[in-house]
Every structure is written in structure tokens, then in C-alpha cells.
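In the numbering used here, the protein residues as written are 1283 to 1722.
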């Protein structure tokens, strides 16, 4: 099939790579000409395991091309995917300006029947708005061209997005015609051979499903962090509690790891957007408000432990930070909990010595020119002379460190484990003062 994808960011590139990998002919379009030039040279703007190799191979084979011309992308497409960003507005609602700008462009350029698929995460009712924008532009041109707008939200985990796309656990499509369903079944047939994964529903339900999924996962995280704060106060070990409740198959172990809160481009934005949607329809989503409030508070927990240990006397201290991205296997710094820690430490007069295997450049841009902030290529170099080490992201290379070397390198042997990945007994046996989330 001939597929065009508007938006060559995270979702667009992963989708383009996956669809071309199974034989579809894909055009990835973006208005950022520098990004398109780099992609044509094999330079990928994001870090995602396996993505660069897949993009290069399919581009080399001629199944995947990149363009800055939306007219070219529309002209060649049987199916056109909208995969542009929907950043949050000041009131927490999703900013649909990019999505609707694409819709307008489709109406300005389309000459033949087209299936338009909204893959961006959008509030309920957006597909109807997209259809209105396309229709208006077609009418202005005096054109009568058939088109359908469908919903097909993505469910990609950063750090495992390529695997998620190639082996999805479900493919959600929202359609209002048999023709649209047939085209989408053809599009996703290579991913749907083992067993039936394609779930067809109405468009509005499909749009809500994406938000509901992320809200559910965010709720589990915030509830576990809330429980960790209770455990700290009553003298319980949240890790024992986690094992106790996770053994219940109704609960399971996924997303019940206490820590420093969630970040990234999805959970924070989508929880706020869903809350805003509910408010627009006259409903106060109190649970969603609580999920966000707990998460915002939890992001400050590592600094709270650090500040408590040093009795508020943080000025002049050197703090090492391991892990900066909001989760492992990505360089994404959007709403990363590490940002709150770094800001708080710098605000007290402490200096930061940071390490991350992928996000060093991104965080360097965020704190560029800020006095007292420095990144290092080697994690042990980052802790040299530090008064404390704070683990913020559980990259695999941090899971089994040389604690004796840490003791020798640090000015004071103090560790804040913001992800509960180390054994308190093992760490303390080395003479290290150790704090974790919800653990005695």
C-alpha cells in the first residue's frame, strides 16, 4: 500500500519504519526541512533502540522516503496518517493547532479519494473536527472528493517502541464505514497474523481508549507512590508490600514500582488533557486531579530525602545524579523527574555532576550556561568528589555498580535510590548511608 505519514517525530518515524519494514511504500513528511535533510542522510533525531537501523535499511531499499512537501505526501497516498504533536495548552487541554493545520492542508491539496487516519493522541471529537476542516477547504476549491477520517491511536512505549509496533498486543481503530475498516485491515494485516489483534470500534471510543489507557497506568504509578509514603511513615517496606499485592493476578506487577514519579511526553499531558475534556463536558474528574497532584509531589521526593539528610544545609555540596531521561532506553527529557531534582539542588547552592548514557546532550541544552551544572561521559567520573549520589533513572548499567569504588570516589558516602533498584542491606554493608522510596 502507499502510505504517507505527516509528522516525522517519535510516532511518525516508528510508524514509518514499521510499515515499510513489512513491504508498504511509505513517505514520511515533516515541515522541519533540516530534520528531513538529516533523515535523508541517515541522521535520526531521536534515540530509540532499533529505529535507526530500520529507517536506514528501508530507505536504502526504496520503501521509505522523506520529504518536506505535504503536497507530495498527499498526492501519493492511499492512506494518510496524521502523527503530529499535540502539546498541552496552558489550561492543560491538548493543542490541536498542528493536527488541524494538517487537515486544512489535506483539503487544499487532495485530488483523489483518501483515508485520513489520526494517529496523534487527540481529545474525543477531534476526528470530526479534522473532517470539517478538510470539507471546508474542498468546498472552497469547488472540489467533490470522497474521504474518510478514522482514529488509530498509537500504544508505543518509549524504549521499546519498535518492538511494540512490530508485535502489538492490540491495534485500535475507530471507523464509521466498512470501506475504512477494510483498508485498515489491509494496512495492518502483516501485524495481525498470529491471532486477531485489530479491535474495531466507533471513532469516539477509539479516541477515548488512548487517554483511558494512559490514565489507568498513571493511576497505578501514583497509587503506588502514595502507598510508599504511607509505608515510610508507618515503618513498613513498600517492596514487601509490592510483592504481596502484585502476586494477586487481579493487580499484577506492571506499573506498581514506587519511585520518583512519571514523566515523558504521554502520561503527564494525557492525564491533564483527559481531565480537561471531562471538565468541558461538565464533569469534575477528581481521581485524575489526584493522580497528577501525587505525581507532581513525588517528583520532589529524592530532593526531600537529600535535604533531610543534610538537615537543610545543602549550599556548597556536590550532588551526583545517575539517570536523567524520564525512563531508561530513551533520551527524552520531557517532564523528567530529574529536572526537578537538579533545579532544587542548584537553587540551594549545590552543584550537579550528572551522567546519563543517552540524555546528556538533551539535559545539557536544558541547563546550558547554568553555573554549577556539569555532565560526564563516565558514571564513576560523575561521582568523584560528590557528597551524595542520587539515582533518578534505572538504566541497566546502574543496576550492579561497584559500591566499594563509589565509597572511595565520593566525598561523603550517601546514596538516594529514587527507583529502589538496590538492596539496602548490600549497600549499607559497605558503610554507605542509603535512602530509598518507602523503605526503612
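All C-beta atoms, glycine included, are put in the ideal place defined by N, C-alpha and C.
Query, Result
"What does a CB cutoff of less than 6 Å around residue 1657 pick up in its chain, not counting 5 residues either side in sequence?", "1636, 1642, 1646"
"At the 8 Å Cβ level, is residue 1449 part of the contact set with chain C, yes or no?", "Among the chains of the structure shown, chain C does not appear; only one protein chain is present."
"With distances taken Cα to Cα, identify the nearest neighbour of residue 1543 among 1556, 1528, 1607, 1515.", "1607"
"Tell me where the alpha helix (DSSP H) around residue 1311 begins and ends.", "Careful: residue 1311 lies outside any alpha helix (DSSP H), inside the beta strand (DSSP E) at 1307 to 1311."
"Report yes or no: do three or more beta-carbon pairs, one from the segment 1358 to 1377 and one from the segment 1288 to 1298, lie closer than 8 Å?", "yes"
"State yes or no: is the C-beta of residue 1597 within less than 8 Å of the C-beta of residue 1632?", "yes"
"Pick from 1709, 1457, 1668, 1393: whose alpha carbon is nearest that of residue 1400?", "1457"
"Could you tell me the alpha carbon to alpha carbon distance between residue 1372 and residue 1575, rounded to whole angstroms?", "17 Å"
"Roughly how many angstroms separate the alpha carbons of residue 1375 and residue 1663, rounded to a whole number?", "42 Å"
"Looking only at its own chain, which residues have a Cβ that is under 6 Å from the Cβ of residue 1454, when we skip the five neighbours before and after it?", "1435, 1481, 1488, 1491"
"Hey, how far is the Cα of residue 1510 from the Cα of residue 1539?", "10 Å"
"For the beta strand (DSSP E) that residue 1349 lies in, which residues bound it at each end?", "1346 to 1349"
"Looking at the secondary structure, which residues open and close the alpha helix (DSSP H) in which residue 1321 lies?", "1315 to 1322"
"Could you check what DSSP says for residue 1329 in three-state terms: helix, strand or coil?", "coil"
"Residue 1441 and residue 1338 - do their beta-carbons sit closer together than 8 Å?", "no"
"Span of the beta strand (DSSP E) holding residue 1656?", "1655 to 1657"
"Given a cut-off of 8 Å, decide if residue 1546 and residue 1613 are closer than it, judged by their beta-carbon atoms.", "no"
"For the segment 1693 to 1710 against the segment 1577 to 1587, do three or more pairs of beta-carbon atoms, one drawn from each stretch, fall closer than 8 Å, so that the two count as touching?", "yes"
"When we look at the beta-carbon of residue 1425 and count the other beta-carbons within 10 Å, is it buried (16 or more) or exposed?", "exposed"
"Looking at C-beta atoms only, is the number of pairs between the segment 1384 to 1397 and the segment 1291 to 1309 that lie closer than 8 Å three or more?", "no"
"Taking its Cβ as the centre, do 16 or more other Cβ atoms sit within 10 Å of residue 1341, making it buried, or is it exposed?", "buried"
"Report yes if the C-beta distance between residue 1764 and residue 1333 is below 8 Å; otherwise report no.", "Summary: the structure shown does not reach residue 1764, with the chain confined to residues 1283 through 1722, and so no result is reported for it."
"State the DSSP-derived secondary structure class of residue 1352, mapped to helix, strand or coil.", "helix"
"Hey, quick one: how far does the alpha helix (DSSP H) through residue 1448 stretch, first residue to last?", "1443 to 1448"
"When the Cα of residue 1521 is compared with those of 1652, 1722, 1325, which residue comes out closest?", "1722"
"CB-CB under 7 Å to residue 1315, same chain, minus the five flanking residues each way: which ones, in chain order?", "1350"
"State the CB to CB distance for the pair residue 1403 and residue 1552, rounded to an integer number of angstroms; the pair is presumed to be in contact (CB under 8 Å).", "6 Å"
"Using DSSP bridges, identify the partner residues of residue 1696.", "1715"
"For the putative contact between residue 1648 and residue 1605, defined by C-beta atoms under 8 Å, what is the C-beta separation to the nearest angstrom?", "Rounded, the Cβ-Cβ distance is 15 Å, inconsistent with contact."
"As a quick exercise: from 1423, 1429, 1422, pick the residue whose alpha carbon is nearest that of residue 1410.", "1429"
"Pull the bridge partners of residue 1483 from the DSSP assignment, please.", "1456"
"Write down the C-beta distance between residue 1405 and residue 1559 rounded to the nearest angstrom, noting that I regard them as a contact closer than 8 Å.", "5 Å"
"Given this structure, state the Cα-to-Cα distance separating residue 1398 from residue 1667, to the nearest angstrom.", "57 Å"
"Going by beta-carbon coordinates alone, are residue 1665 and residue 1718 separated by less than 8 Å?", "no"
"Expressed to the nearest angstrom, what Euclidean distance is found between the alpha-carbon atoms of residue 1720 and residue 1513?", "5 Å"
"Can you tell me where the alpha helix (DSSP H) with residue 1408 in it begins and where it stops?", "1408 to 1423"
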